[in-house]
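In the numbering used here, the protein residues as written are 28 to 478.
The C-beta atom is built at its ideal place from N, Cα and C for all residues, glycine as well.
Please read all numbers here as calculations on a predicted model, not as lab measurements.
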């Protein structure tokens, strides 16, 4: 052989996984990749090297689905090049649009819904053996499947799904339709998984659920998210614990108490409000008022003063007036969120909002309202960050800085980005950092010590 040797082809082939959407899809992709590796597939990030391409899809916004259809169309030549190549779609879009995917993209070999994705690798193998195509979207809900430690992109961090599905009736949301009813994992099962992850070197775990604070461990009335937080807090070596996403109506005294007492829980709570107008919240069927949301924030800050609160907003929901929007701006200013993620409303077929309400807010108005909310948040974040100059904070180092690869980027317990330049740190390091300067989105500092 010459000096430019080629990589040995794995026994089964190479699989490329592309993920769209939320953290739930990220962890589901890890679980599926683990199963592919159990069948002797290797992972690749190059389409030309892939024998199998899997798209894990999202249905929360129309743009995400349009992007997947575009990608699928672009892969027609890739599929024609070799008959043994397999194209698969999983996730929320697969669940919602299964028949349409096969109609519009007949070169797709496997469509697996949100409750059927664990069998996707076996279905791919059957296609490669001459069977198929397969469309499976009717499986029973499962809280989780066995995971492989080799499928995590970062060895020191892990997402852990503690529940699936959602029982909330929000009018704009397709998640209950595509993910099904809530089902939680037992406490002992989650604790065992996190303990194994910590034994493998994980120092930070993020618990996932569509409404994660509705967790009941399959023991309604006796188990809460607080029960699980207390149990995980006892695991030696777990340095950081966090959870997303919370619904304001699903908190309880036990969870608040466990959050306040936990040694490992990050000081960041992601709790969407969606609108600062009670009229809009009622139309959205969110199940709370602005005043109730405000009282939750006040309680959190009274019991956990250093807790940062992140928020989601929807602008341009059907019927939203300028007065409703101004109410959102006032509430954003008043509460002073640590972060705000703002989304322009997009109708999703199959939701109450799409079926019963006209999408009557023009796109240019949605864009303006989006920008105005983000500007309020930018000013709040900048002022809050400037007050942190001189502070000493603990930072979990994650990756090279996106803007300057000679520096490192990580996050403090409030989940803020912190950038440092120091040869002593690297991915997975935990450093004590003194903040020296800031922007609205980032803290910059000098490493004091490394543990």
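Inter-residue CB distance, residue 129 and residue 135 (contact presumed, cutoff 8 Å): Here residue 129 corresponds to residue number 102 of the chain shown, with the count starting at 1. Here residue 135 corresponds to residue number 108 of the chain shown, with the count starting at 1. Indeed, because the Cβ distance is near 6 Å, the residues count as touching under 8 Å.
Outcome for residue 234 when other beta-carbon atoms lying within 10 angstroms are tallied against a minimum of 16: Locating residue 234 in the chain shown gives position 207, counting from the first residue. With 16 or more Cβ atoms within 10 Å of its Cβ, residue 234 is classed as buried.
CB contact flag (residue 77, residue 99, <8 Å): What you label residue 77 is simply residue 50 of the chain shown in a count that begins at 1. What you label residue 99 is simply residue 72 of the chain shown in a count that begins at 1. Not a contact, by the Cβ cut-off of 8 Å.
DSSP bridge partner residues for residue 68 (one or two, in chain order): Counting from one through the chain shown, the residue named residue 68 turns up at place 41. DSSP, once it has assigned bridges, lists 40 as partnering residue 68.
Straight-line Cα distance separating residue 355 from residue 417: For the purposes of this step, residue 417 is identified with residue 390 of the chain shown, where counting begins at 1. For the purposes of this step, residue 355 is identified with residue 328 of the chain shown, where counting begins at 1. The alpha-carbon atoms of residue 417 and residue 355 are separated by roughly 33 Å.
The segment 254-267 contacting the segment 301-316, beta-carbon criterion three pairs below 8 Å: no
Residue environment, residue 141, which counts as buried when at least 16 other CB atoms sit within 10 Å: Translated into positions along the chain shown, residue 141 becomes position 114. By the 10 Å Cβ count, residue 141 comes out buried.
Residue 291 versus residue 260: straight-line alpha-carbon distance, rounded: By one-based count along the chain shown, residue 291 stands at place 264. By one-based count along the chain shown, residue 260 stands at place 233. Taking the straight line joining both Cα atoms gives about 6 Å.
Range of the contiguous beta strand (DSSP E) that encloses residue 193: Position 166 of the chain shown, counted from the start, is the residue given in the question as residue 193. Counted as a single uninterrupted DSSP element, the stretch harbouring residue 193 is not any beta strand (DSSP E), since DSSP gives it neither H nor E.
Close beta carbons around residue 472, own chain, < 7 Å, minus the five adjacent residues each side: Residue numbering aside, residue 472 sits at position 445 when the chain shown is read from its first letter. 445, 447, 460, 461, 462 and 463.
Range covered by the alpha helix (DSSP H) that runs through residue 409: Along the chain shown, read from residue 1 onward, the residue named residue 409 stands at position 382. Counting along the chain, the alpha helix (DSSP H) containing residue 409 begins and ends at 390-413.
Chain-order list of residues whose beta-carbon lies under 8 Å from that of residue 476 (same chain, five-residue window excluded): Taking the first residue of the chain shown as position 1, residue 476 is located at position 449. Excluding sequence neighbours, residue 476 sits near 458 and 459.
Span of the beta strand (DSSP E), counted from its first residue to its last, around residue 185: Here residue 185 refers to the residue found at position 158 when the chain shown is read from its first residue. In the DSSP assignment, residue 185 falls within the beta strand (DSSP E) that extends over 184-188.
Beta-carbon gap between residue 377 and residue 204 smaller than 8 Å: The residue you call residue 377 lines up with position 350 of the chain shown. The residue you call residue 204 lines up with position 177 of the chain shown. Closer than 8 Å, so yes.
Assigned secondary structure, residue 81 (DSSP; H/G/I helix, E/B strand, else coil): Along the chain shown, read from residue 1 onward, the residue named residue 81 stands at position 54. Here residue 81 sits in strand by DSSP.
Beta-carbon proximity list for residue 82, same chain, < 6 Å, skipping 5 on both sides: Position 55 of the chain shown, counting from 1, holds the residue named residue 82. So the qualifying residues of the chain are 45, 95 and 116.
Distance between beta carbons of residue 188 and residue 286, contact taken as under 8 Å: The residue given as residue 286 occupies position 259 in the chain shown. The residue given as residue 188 occupies position 161 in the chain shown. So it is not a contact: roughly 20 Å between Cβ atoms.
C-alpha gap between residue 33 and residue 120, whole angstroms: For this step, residue 33 is matched to residue 6 along the chain shown. For this step, residue 120 is matched to residue 93 along the chain shown. Confidence is the limiting factor: at residue 33 the pLDDT is only 44, short of 50, which leaves the residue's position unreliable and the question unanswerable from this model.
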